[in-house]
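K.L.:
Residue numbering for the sequence shown follows numbering that gives the first Met the number 0, beginning at 0 and increasing consecutively.
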Amino acid sequence: MLHAFKAFALPGAFFGLLLVQLAGATSAAADGNKVPDPVREFQYKDALQQSQAAIGNQLGDHPLTDEKGHALSLADLRGKPLVLSLIYTSCAQVCPMTTRHLAKVVDKARDALGKDRFNVAILGFDAYHDSPQAMLYFARKQGIDNRGWRLLSASPDTIQALSKELGFKFFNSPNGFDHITQVTVIDAEGRVYRQVYGEVFDTPLLVEPLKDLVLGRPTPNQGLLSELIDKVHFFCTSYDPARDAYYFDYSLFIGMSIGASIILIGIVLLVREFRHGQRSART
Numbered sequence: 000m001l002h003a004f005k006a007f008a009l010p011g012a013f014f015g016l017l018l019v020q021l022a023g024a025t026s027a028a029a030d031g032n033k034v035p036d037p038v039r040e041f042q043y044k045d046a047l048q049q050s051q052a053a054i055g056n057q058l059g060d061h062p063l064t065d066e067k068g069h070a071l072s073l074a075d076l077r078g079k080p081l082v083l084s085l086i087y088t089s090c091a092q093v094c095p096m097t098t099r100h101l102a103k104v105v106d107k108a109r110d111a112l113g114k115d116r117f118n119v120a121i122l123g124f125d126a127y128h129d130s131p132q133a134m135l136y137f138a139r140k141q142g143i144d145n146r147g148w149r150l151l152s153a154s155p156d157t158i159q160a161l162s163k164e165l166g167f168k169f170f171n172s173p174n175g176f177d178h179i180t181q182v183t184v185i186d187a188e189g190r191v192y193r194q195v196y197g198e199v200f201d202t203p204l205l206v207e208p209l210k211d212l213v214l215g216r217p218t219p220n221q222g223l224l225s226e227l228i229d230k231v232h233f234f235c236t237s238y239d240p241a242r243d244a245y246y247f248d249y250s251l252f253i254g255m256s257i258g259a260s261i262i263l264i265g266i267v268l269l270v271r272e273f274r275h276g277q278r279s280a281r282t
């Protein structure tokens with residue numbers, strides 16, 4: 000198994016120092032020789048480059064199946080930001096660990112941004128085995144079956160096409176799959192916005208891009224008051240590393256309110272002075 004030493008998100012094309020984790024077991028040669036370092040480096044760099052190159056991709060309207068066997072499409076999940084993680088249900092260690100950690104961070108994001116402000120889904124990329132029933136069983140084992148997540152399956156053709164658009168690289172190995180451990184943040188229009196890497200990653204690496212998408216961008220048909228509330232929420236929501244949680248910083252809100260009040264009072268005084276000057280000029 001190839002491991003990363005630290006998990007983090009990469010906002011741009013900076014990839015020279017990143018070590019991503021390839022989950023799953025890799026086969027050893029019959030004579031016990033190790034995989035040559037140049038080959039290993041190529042695998043890391045290739046997986047990362049493909050993942051980073053996907054940022055900005057518009058995802059297609061791919062057919063999917065949920066855990067109840069109902070047909071849907073990827074377009075049905077648009078309208079809100081989407082957190083998407085690709086797993087395979089027979090994975091013994093990495094996928095379960097990644098999913099449980101993702102659930103903890105998603106809970107913190109919902110506490111900070113609102114429960115219904117974004118969607119979360121896991122997609123089984125082992126198309127021949129990750130049936131709706133297998134996805135539901137996996138979700139129950141990880142404790143996410145009652146969290147409002149979408150548990151998705153797809154055909155082999157859909158998996159190949161969608162994984163390419165997502166920059167998700169995987170291949171068969173004797174004990175399962177080798178794959179980049181990646182959570183993808185997708186905007187409300189269905190474009191890849193950010194990639195987050197590793198089994199365990201820092202909370203802000205997922206919450207900050209969601210915060211940008213949920214609170215930092217006006218949504219269609221959003222009223223002026225609602226947009227203003229989101230802006231205040233955006234600027235006043237801060238991360239506390241000691242508690243590993245987000246909170247609403249009332250001091251920022253109070254400071255903004257005082258500043259706005261001073262500006263308003265200044266405008267009122269200027270208007271009064273202007274009107275007083277006009278009256279004096281007439282007399």
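The C-beta atom is built at its ideal place from N, Cα and C for all residues, glycine as well.
Does the Cβ of E40 have 16 or more other Cβ atoms within 10 Å, making it buried, or fewer, making it exposed?
P.N.:
Position 41 of the sequence shown holds residue 40. In this predicted model, E40 has a pLDDT of only 49, less than 50, meaning its place in the structure is not dependable; the value taken from the coordinates is given anyway. It is exposed - the Cβ of E40 has fewer than 16 other Cβ atoms within 10 Å.
K.L.:
Measure the alpha-carbon distance for Y246 versus L263 and round it to whole angstroms.
P.N.:
In the sequence shown, residue 246 corresponds to position 247, counting from 1. In the sequence shown, residue 263 corresponds to position 264, counting from 1. So the two alpha carbons sit approximately 28 Å from each other.
K.L.:
Which of the three DSSP states is assigned to H100 in this structure?
P.N.:
Reading the sequence shown from its first residue, position 101 is the one you call residue 100. Helix, per DSSP.
K.L.:
Sorted by chain position, which residues of the same chain lie with C-beta nearer than 8 Å to D60's C-beta, five sequence neighbours on each side aside?
P.N.:
Indexing the sequence shown from 1 puts residue 60 at position 61. Cβ within range, chain order: S72, L73 and A74.
K.L.:
Here's a check: name, in chain order, each residue in its chain whose Cβ is nearer than 7 Å to the Cβ of E164, leaving out the five neighbours to either side.
P.N.:
Within the sequence shown, the letter at position 165 stands for residue 164. Closer than 7 Å at Cβ, skipping near neighbours: A53, N56, L58 and G59.
K.L.:
If you draw a straight line from the alpha carbon of G265 to that of D110, how long is it in whole angstroms?
P.N.:
Position 266 of the sequence shown, counted from the start, is the residue given in the question as residue 265. Position 111 of the sequence shown, counted from the start, is the residue given in the question as residue 110. Straight-line Cα distance between these residues: approximately 38 Å.
K.L.:
For Y87, which option in L209, I158 and V267 has the closest C-alpha, if you only look at C-alpha atoms?
P.N.:
For the purposes of this step, residue 87 is identified with residue 88 of the sequence shown, where counting begins at 1. Cα-wise, what sits closest to Y87 is I158.
K.L.:
What residues in its chain sit with their C-beta under 6 Å from that of L63, if we drop five residues either side in the sequence?
P.N.:
As a position in the sequence shown, residue 63 is number 64, starting the count at 1. Counting only Cβ-Cβ distances below 6 Å, and skipping sequence neighbours, we find L71, L151 and A153.
K.L.:
Would you kindly report the start and end of the unbroken beta strand (DSSP E) that includes I121?
P.N.:
In the sequence shown, counting from the first residue as 1, residue 121 sits at position 122. Unbroken beta strand (DSSP E) run through I121: N118 to G123.
K.L.:
Which residue comes first and which comes last in the alpha helix (DSSP H) that contains L161?
P.N.:
As a first step, residue 161 must be located in the sequence shown, where it is residue number 162. Unbroken alpha helix (DSSP H) run through L161: P155 to L165.
K.L.:
Three or more C-beta pairs closer than 8 Å, one from the stretch 173 to 186 and one from the stretch 130 to 146: is that the case here?
P.N.:
Too few Cβ pairs lie closer than 8 Å, so no.
K.L.:
Between D156 and T202, how many whole angstroms is the CB-CB distance? I'm expecting something under 8 Å.
P.N.:
To locate residue 156, count along the sequence shown from 1; it is residue 157. To locate residue 202, count along the sequence shown from 1; it is residue 203. D156 to T202, Cβ: 36 Å. No contact.
K.L.:
Under a three-way DSSP split, which group does S260 fall into?
P.N.:
By 1-based counting over the sequence shown, the position of residue 260 is 261. Here S260 sits in helix by DSSP.
K.L.:
Who pairs with F170 in a beta bridge, going by DSSP?
P.N.:
The count along the sequence shown starts at 1 and reaches residue 170 at position 171. Answer is D177, bridged to F170.
K.L.:
So does D125 have its beta carbon nearer than 7 Å to some heavy atom of the ligand NAP?
P.N.:
With respect to the ligand NAP, the structure offers nothing, as it holds no ligand at all.
K.L.:
Take T97 as the anchor and find which of L268, R274 and Y196 has the nearest alpha-carbon.
P.N.:
Here residue 97 is taken as the residue at index 98 of the sequence shown, counted from 1. Cα-wise, what sits closest to T97 is Y196.
K.L.:
If we ignore side chains and look at the alpha-carbon of each, how far apart do P240 and V267 end up?
P.N.:
The residue labelled residue 240 in the question sits at position 241 within the sequence shown. The residue labelled residue 267 in the question sits at position 268 within the sequence shown. Rounded to whole angstroms, P240 to V267 spans 42 Å at the Cα level.
K.L.:
For the beta strand (DSSP E) containing V82, list its first residue and its last residue.
P.N.:
To locate residue 82, count along the sequence shown from 1; it is residue 83. That run of the beta strand (DSSP E) goes L81 to I86.
K.L.:
Since I believe E198 is in contact with H69 (beta carbons under 8 Å), could you give me their beta-carbon distance rounded to a whole number of angstroms?
P.N.:
As a working note, residue 69 is residue 70 in the sequence shown. As a working note, residue 198 is residue 199 in the sequence shown. Between E198 and H69 the Cβ distance is about 31 Å, and since that is not below 8 Å, they are no contact.
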